[in-house]
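First up is the structure itself, then whatever we jot down about it.
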Amino acid sequence: MRMGLRINAYWVKTALLGVLLVFTALFILRASGGGLKEEGKSSPAGVLGVESDCCSTLFAKKDDPGGARAEVIIPEDKFQLIGVRLVRAQVLPLQKEIRTVGSLEYDETKVATVNLKVEGWIEKLYADYVGKEVKKGQPLAEIYSPELYTTQEEFLYVYKWSTDKISRLFRERSVEFPVTDRYTTVGRMTAWEMKPLVDKAINRLKFWDFTDEQIEQIKKTGKPIRTFTVRSPINGFVVEKRVVQGSRVAPGEKMFDIADLSTLWIIADLYTIDVSHLKVGQTARITLSNWPDREFISKVDYIYPTLSNRTRTIKVRFVVENPELLLKPNMFTDVTLNIDIGERLVVPEDAVIDTGVKEVVYVHKGAGHFEPRRVVTGVRAGGMVEVVSGLREGEEVAAEGNFLIDSESKLKGIVE
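Numbered according to the numbering used here, the sequence shown spans residues -12 to 403.
This is the structure:
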């Protein structure tokens, strides 16, 4: 019996102590201003350190009878307290700056490949290392080719009849050769029939890339040239070499690549939103870390028609002059473009709240009334954003403090 009384007394004391603790906690909360609001909701103003009792005076919801748009009301004397700043939507000239990284590459229109049309062997190699500077027409190698040698002999066989006498007969269009030649194959031909054969032999030499000077040399000496001189087709540098002294070269096989470095290409990757504003011929500024104080001027030369699957970017080509040969292929460059978009209706970027589904601005209707309004935006540049629709010139919007207004409007069910 006594044991039961002791247990009951213990639980009674415990219950009384718990009730006392609860009342003590409630008293402390009320004394510190942290009590719950009557609606059971905390206001964003409380987060800013504003006493909860004044939240109802800081924000209010204007009902929308008759289908009028709901608004958030903030007393104008409280703007500074919550950091609200108003700006007007205005039409301004918009200039977009695009920055990207590019890579210097050869100008493909100024790269030439040197090869042979016949089989041959290199007897003398002049362009004997990569990087050697060459001029147009400068010898690169001496080639011995049995086929070229035979072609020259055939030319001389036909051309030997083009002596002074035969040449005179060609000019006079004589009908017959002298009787003494009547029993030879060439002798039975008329002078007029002979000329096309000579022209054909000359054209064949030119097909094998013999120059007029070399053909004249063969005519003058009456002997074939043993080796054929391979010459550079352009001014530039040897950027690739695939042969050495004594190499056998097959028809069509590459011997050299010669590149003119007086102009270079810059290939850069740009996002589609930036490419949409580009046009061929627009000026770009090029800088390199090697020469931070020096600026090169370039132009948009070509916008490639395909999109990279990996980077989701489009390649853009720029052409840059390189007369001093300071720029080298495979260098990285910084590319800057300033593009005039034209006059657009704009507001600060901070004025637009992007929910991921829609974009909203808070339009100040006067006397602290803010209307949430959906807008469609366009170009962003220099901290400003173009408003395509949803806003008129001269309307005031909240550029700062709008996130707090947006939070309150959601709590009050004005916007979703």
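All residues carry an ideal CB built from backbone N, CA and C; glycine is no exception.
Collapsing the DSSP output to three states places residue 315 in coil. Distance from the Cα of residue 136 is smallest, within the candidate group 121, 212, 300 and 273, for 212.
If you draw a straight line from the Cα of residue 312 to the Cα of residue 206, it is about 43 angstroms long. Taking residue 69 as the centre and dropping the five residues before and after it, the same chain places the C-beta of 388 and 391 closer than 6 angstroms to its C-beta, in chain order. Ranked by Cα distance from residue 86, the first of 124, 232, 262 and 198 is 262.
When C-alpha distances from residue 242 are compared across 77, 275 and 106, the shortest belongs to 106. Around the beta carbon of residue 373, a 10 Å sphere encloses 16 or more other beta carbons of the protein chains shown; the residue is thus reported as buried. Taking a cut-off of 8 angstroms on C-beta distances, the segment 288 to 303 does not touch the segment 342 to 350, as fewer than three cross pairs fall below it. Per the DSSP secondary-structure output, residue 90 pairs in a beta bridge with 254 and 319. By DSSP's assignment, residue 385 forms a beta bridge with 73.
Bounds of the beta strand (DSSP E) holding residue 109 are 107 to 112.
When DSSP reads this structure, residue 293 sits in no beta bridge, so it has no partner. By the CB criterion at 7 angstroms, residue 231 and residue 184 fall outside the cutoff.
Annotated three-state conformation of residue 208 is helix, per DSSP. Taking each of 192, 130 and 214 in turn and checking the Cα distance to residue 237, the smallest one comes out for 130. In chain order, 81 and 373 place their CB closer than 6 angstroms to the CB of residue 331, counting only its own chain and leaving out the 5 sequence neighbours on each side.
Boundaries of the alpha helix (DSSP H) harbouring residue 138: 133 to 146, taken from the DSSP string. Contact annotation: residue 386 and residue 78 have beta-carbon atoms that are not nearer than 7 angstroms. For residue 301, the uninterrupted beta strand (DSSP E) segment begins and ends at 300 to 308. Annotation: residue 195 to residue 121 spans about 22 angstroms, alpha carbon to alpha carbon.
Taking C-beta atoms under 8 angstroms as the contact rule, residue 307 and residue 255 fail to qualify, at a distance of about 12 angstroms.
In the displayed model, residue 280 falls within a strand according to three-state DSSP.
Counting only residues of its own chain and dropping the five nearest sequence neighbours on each side, residue 315 has a CB closer than 7 angstroms to the CB of 91. Shown here for residue 218: same chain residues with a beta carbon closer than 7 angstroms to its own, the five before and five after excluded, namely 124, 125, 126 and 127 in chain order. The Cβ neighbour count for residue 228, taken over all protein chains shown within 10 Å, is at least 16; the residue is labelled buried. With a cutoff of 7 angstroms on beta-carbon distance, residue 223 and residue 244 are scored as not near each other. Under the 10 Å beta carbon count, residue 319 is surrounded by fewer than 16 other beta carbons and is classified as exposed. Beta bridge pairing from DSSP links residue 380 with no other residue. Straight-line measurement puts the Cα of residue 301 at about 48 angstroms from the Cα of residue 110.
Here residue 67 carries a helix assignment [DSSP, helix/strand/coil]. Of 66, 100 and 235, the smallest CA-CA separation from residue 132 is found for 235. Taking the Cα positions, residue 366 is about 59 angstroms away from residue 112. The shortest CA-to-CA distance from residue 286 to any of 280, 278 and 305 is the one to 305.
Our two residues, residue 363 and residue 239, have alpha carbons roughly 59 angstroms apart in a direct line.
Counting only the Cα atoms, residue 288 lies some 32 angstroms from residue 336.
About 7 angstroms separates the beta carbon of residue 221 from that of residue 97, a gap short enough to meet the 8 angstroms contact definition.
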